[in-house]
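Residue numbers (this note's numbering), protein chains in the order written: chain W, 1 to 340; chain S, 341 to 840. Input: a single structure, listed below in structure tokens.
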Amino acid sequence: MMMSKNSKGFLKKIVSRRGVGQVLTAGIGLIIISAVFAIINPIFGSWNNISNLLRQIAPILIIGIGQSYVLITGNIDLSIGSVVGMSCMMSATLMTRGVSPLISSLITFVACMGIGLMNGFLVARFKMPPFIATLGSMTIARGIAQLVNNNYNTDSIGENANTFRDIFYYGKTVGIYNPVWIALILWLIFNFVLSSTKSGRHLYAVGSNEEAARFSGVSTFSTIMTAYLVSAFCSMIVGLVNCATSGAGTMDSGTSYEMYAVAASVIGGVSTLGGTGILSGTVVGASIWGVLQNGLQFAGAPLAWRNIVVGVIVIISVLLDVVFRMSKKVTIQKEEKQIQ
Amino acid sequence: MSNYFVEMDNITKYFPGVKALADVKFNLKSGEVLACLGENGAGKSTLMKILTGIYSKDSGTIKVYGEVVEDMTANRARELGIAIIHQELNMCHHLTVAENIFLGRELVNGIKLDNKTMNQEARKTLDSLGIELDPTTLIGDLSVSKQQMVEIAKAISLDAKILIMDEPTSALSAAEIRELFRIIKQFRDDGVGIVYISHRMEEIDRIADRVIILRDGHYITDMLYQDTNLDEIISHMVGREIKEKFPQVECKIGEKIFEVKNLNAGRLVRDINFELFAGEIVGIAGLMGAGRTETVRAIFGVDPKVTGEIYIDSKQVTIDKPIDAIKAGLVLAPEDRRHQGLATKLSVRENVALPNLDILGGIFGTINRSKEKKMNAEAVENLKIRLPNVEVPAASLSGGNQQKVVVGKWLARDSRVVIFDEPTRGIDVAAKVEIYNLMNQLKEQGVAVLFVSSELPEVLGISDRILVMCDGKITADIKNEQVTQEQILHYATQFEDKKD
């Protein structure tokens, strides 16, 4: 019986595999809303806008990757936005004091990884609820962002940083803005790690059933730690992008980004309960987020409406997931009954 | 050098308030199937968890392959080739069959996972077990029986030298069991040492080379299966010391208060029919997984019923949710105090009031404080709950007093039927007697009392009538007159022959 179903089962299996189904649904949604916006206002579909749009999406995708890693282990990282701010302020402050962009970035990297380490220790070693632990580190990181330049935004990071600004925001390579390339490279690396390595498999296992993973010899500590370090790293990169964008450090840089990161992940089918979701979904999720922001703006919708629409989309995508899961459970129960 | 794979001596393990294992000895040879037997709470699972490093022992020595292992951990056990199939399924539902089988020891090609080989290997293991299953199916999409087969496949694929199976067949079909036994025999012939824990005596008959019997956390005996028989084994398993005094109260049996007809709710609740009369206490006995808790949960409306009629005072009542039951005069003091019975962070006062807010209601939905106080004072008084005042959090009380609060919150309202699920688990002897007194008190008041217990002496000591369950069915409904533990165990192991 099993065998005869195989050919038909193949497609079904691909779709049910780790949320591929939801990625496809969200992907179709993305195409539809993009088409609608293009019809409403032809400028939306212009190459000029698309290339700007991609650049808008890039940072959301990057933090989305970090948040997805953490969500897949069944945890959450609320410190993302503050780490972005900390990275932006720290690198900018160093550059205004004459430190080279490269060295500034390296020091910023070390500091941001410190926040990631702290999150990892609190959650994985001390078993703190991730919501509380990262709420704490979120506040601390924002405090550091304010502290580094004595509670002022920085001055311009200056002429020396022009290359830095080109690399992280203004420059183009092969006709596409650099941050898009950065996002693409990070996505390729982290997607590979997640889908094709032992560490990636362990992220799913820990998120699916921490106890079963531990009994199987998986180190839950290093797995959860990895997720938080990746998240801090991604946030740091986005902080550099923000610094390059404005050419100065702003203390409120990255505010609410942790929520955008959750939205991108969840719209793309990453479950906040852990164990499921893929980074292709995060790409679709971040794109939907970007397209809605950009498209609604072109359609003349005020900011208030943009917020409401994005909020509704997040709720609908989670609702779809919940309904899907319930129906699946019922099907399995029915099958069990038939066996008996 | 001895030919024992495992030698455990003087193993002692304490859990808060209980001595789970006392100076237990245990050994396992290469190439044998050792059945580890004992009633509920005899210490079988605890002993195996110590051997596999999930629990740590408080004293005693463990030798594996003749060498002392000081600190047994889950990883150390795995390195030593000890594999266990847990009674509770322990799998990652979001991962595939192959991913679960290889979890923690994934095969890699450089740094890349070698999914192709893992799937092939998993396929081979599954084939060797005769399981028709695609290794790329998600575990969460499988039925419980298939999940259990995967769990078995996982343990087998570890190339274990020592294989422990804790109730591996509870969800399997007859054909799957036959296949499993074939595999077990094959492993035994290859020199693997196998520990087999099961309540199903006919399985022991089919597979055991030797049996070891535990009772009350003590080692009782071990013997070759060919030198013994099931009757002798059962007589070793029962005969627990009766430590408690059971207060007896004679009551005239009154009219019928409660009746369940044709209740079905899943695999562990099948064709349940029974009646309860005023002035009697009815105990439900049975082994772990017999469906006792599931039955009372379904009656109380916690779990959905597939079919079933419930009558209270000859009137049919519909119970879909606990609130329906409470309104109809039926209450349940659940099995797990800390999770189901109490809101442990709330005070005793709030806990007692919680299910009774309807009768404590003042105007505009406020809570009538003076009524609440009175209710609490009565509960504390009646039940002899020892506590500084009713404002302390429930969590701060001892197990026995917590249990009394659970009972107290239900007794504050007039109920027709009171169900207790494991009312005396983990509480001291004095508190137990108080709970028994309370049950007797209810019985005298003409309330129908039903209780589930895994302690046979308790069931025999306090019930007027005993229902025995096995595998989701009631296998006996007997008056408690000269009933022996052996008889109950006999009914409790009356498994139906599984059909193909």
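Yeah, the Cβ is synthetic: ideal placement off N, Cα and C, and Gly gets one too. Everything numeric in this text was worked out from a predicted model, so none of it was measured.
Would a check of beta-carbon distances place L829 (chain S) closer than 8 Å to chain W? No - not a single Cβ of chain W is within 8 Å of the one on L829 (chain S).
Using a Cβ-Cβ distance under 8 Å, would L320 (chain W) count as near chain S? No Cβ of chain S is located within less than 8 Å of the beta carbon of L320 (chain W).
What are the complete beta strand (DSSP E) segments, minimum 3 residues, inside the segment 428 to 515 of chain S? If we require 3 residues or more, the beta strand (DSSP E) runs fully inside the segment 428 to 515 of chain S come out as 502 to 506.
Taking 8 Å as the CB-CB limit, is K127 (chain W) close to chain S? Judged by the 8 Å Cβ criterion, K127 (chain W) is not in contact with chain S.
For S4 (chain W), three-class secondary structure by DSSP: Only weak support is given to the placement of S4 (chain W): the predicted model assigns it a pLDDT of 41, under 50, and the value that follows is read from those uncertain coordinates. Helix.
Any C-beta of chain W sitting closer than 8 Å to the C-beta of G631 (chain S)? No, G631 (chain S) lies away from the interface with chain W (no Cβ there is under 8 Å from its Cβ).
Can you pull the chain W residues whose beta carbon is under 8 Å from the beta carbon of M431 (chain S), in chain order? Correct list: N209 and A212.
Contacts of N415 (chain S) in chain W (Cβ-Cβ under 7 Å): For a Cβ distance threshold of 7 Å, residue set G217 of chain W lies close to N415 (chain S), ordered along the chain.
Could you give the first and the last residue of the continuous alpha helix (DSSP H) run that contains D664 (chain S)? Counting along the chain, the alpha helix (DSSP H) containing D664 (chain S) begins and ends at P662 to A668.
For the structure I just gave you, are there three or more beta carbon pairs, one from the segment 771 to 783 of chain S and one from the segment 617 to 631 of chain S, closer than 8 Å? They touch, by the three-pair rule.
What do you get for Y69 (chain W), buried or exposed, if any count of 16 or more other CB atoms within 10 angstroms of its CB means buried? Counting Cβ neighbours within 10 Å, Y69 (chain W) comes out buried, since at least 16 surround it.
Could you work out which residues of chain S lie near A205 (chain W), taking near to mean beta carbons separated by less than 9 Å? Correct list: C432, H434, L435, E439, N440, L443 and G444.
Kindly give me the distance between the Cβ atoms of I547 (chain S) and I524 (chain S), rounded to whole angstroms, as I take these residues to be in contact under 8 Å. Cβ-Cβ separation between I547 (chain S) and I524 (chain S): approximately 6 Å, consistent with a contact (criterion under 8 Å).
Cα-Cα separation, M341 (chain S) to C432 (chain S): For M341 (chain S), the predicted model reports a pLDDT of 44, less than 50, meaning its position is unreliable; a value from the coordinates is still stated below. Distance between the alpha carbons of M341 (chain S) and C432 (chain S) is about 41 Å.
Taking a cut of 7 Å between CB atoms, which residues from the segment 249 to 281 of chain W lie near chain S? Correct list: G275 and T276.
Please list the segments of the alpha helix (DSSP H) lying wholly inside the segment 85 to 159 of chain W, counting only runs of 4 or more residues, in order along the chain. As summarised for the segment 85 to 159 of chain W, the continuous alpha helix (DSSP H) elements at least 4 residues long and confined to that stretch are 101 to 120 and 130 to 147, given in chain order.
Would you check if the distance between the CB atom of G254 (chain W) and the CB atom of S82 (chain W) is smaller than 8 Å? Contact: yes.
Partner residues on chain S for R142 (chain W), Cβ-Cβ distance less than 8 Å: In chain order: nothing, as chain S lies at least about 31 Å away.
Just by C-beta distance, which residues in the segment 712 to 745 of chain S are closer than 9 Å to chain W? Shown here is that no member of the segment 712 to 745 of chain S has a Cβ falling below 9 Å from a Cβ of chain W.
Where does C810 (chain S) fall in DSSP's three states? Here C810 (chain S) sits in strand by DSSP.
Could one say the Cβ of S68 (chain W) lies closer than 8 Å to chain S's Cβ atoms, at least one of them? It does not: the Cβ of S68 (chain W) has no partner Cβ on chain S nearer than 8 Å.
Would you list the one or two residues that DSSP bridges to R550 (chain S)? S:L374 and S:L564, per the DSSP bridge assignment.
Do S793 (chain S) and A625 (chain S) have their C-beta atoms closer together than 8 Å? The answer is yes: Cβ separation under 8 Å.
Which term fits Y559 (chain S), buried or exposed, when burial requires 16 or more other beta carbons within 10 angstroms of its beta carbon? Using a 10 angstroms sphere on the CB of Y559 (chain S), the tally of other CB atoms reaches 16 or more, which defines it as buried.
DSSP three-state assignment for R55 (chain W), whether helix, strand or coil: DSSP, reduced to helix, strand and coil, places R55 (chain W) within a helical segment of the structure shown.
Give the DSSP-derived three-state secondary structure of P733 (chain S) in the structure shown. Assignment of P733 (chain S) by DSSP, reduced to helix, strand and coil, places it in the strand class.
Give the residues from the segment 508 to 537 of chain S that approach chain W closer than 8 Å (Cβ to any Cβ), ordered along the chain. So the close ones are S513.
Name the chain W residues that come within less than 9 Å of V448 (chain S), Cβ to Cβ? Scanning chain W for C-beta atoms nearer than 9 Å to the C-beta of V448 (chain S) yields T197 and K198, reported in chain order.
DSSP state of R765 (chain S) mapped onto helix, strand, coil: Annotated three-state conformation of R765 (chain S) is coil, per DSSP.
Check the Cβ-Cβ distances between L603 (chain S) and every residue of chain W, and say whether any is below 8 Å. In terms of beta-carbon proximity, L603 (chain S) stays away from the interface with chain W, with every pair separated by 8 Å or more.
Buried or exposed, going by whether 16 or more other CB atoms sit within 10 Å of the CB of K685 (chain S)? Looking at its Cβ environment, which holds fewer than 16 other Cβ atoms inside 10 Å, K685 (chain S) is exposed.
Please report whether the beta-carbon of R165 (chain W) lies at a distance below 8 Å from any beta-carbon of chain S. It does not: the Cβ of R165 (chain W) has no partner Cβ on chain S nearer than 8 Å.
Could you tell me whether any non-hydrogen atom of the ligand PLP is closer than 7 Å to the CB of F324 (chain W)? Of ligands this structure carries none, so the ligand PLP is not represented either.
State the Cα-Cα distance for the pair A244 (chain W) and A141 (chain W), rounded to the nearest angstrom. Roughly 20 Å between the two C-alpha positions.
Tell me, to the nearest whole angstrom, how far the beta carbon of S271 (chain W) is from that of A26 (chain W); I am working on the premise that it is less than 8 Å. Between A26 (chain W) and S271 (chain W) the Cβ distance is about 13 Å, and since that is not below 8 Å, they are no contact.
When the Cα of A771 (chain S) is compared with those of S:A788, S:G739 and S:R753, which residue comes out closest? It is S:G739.
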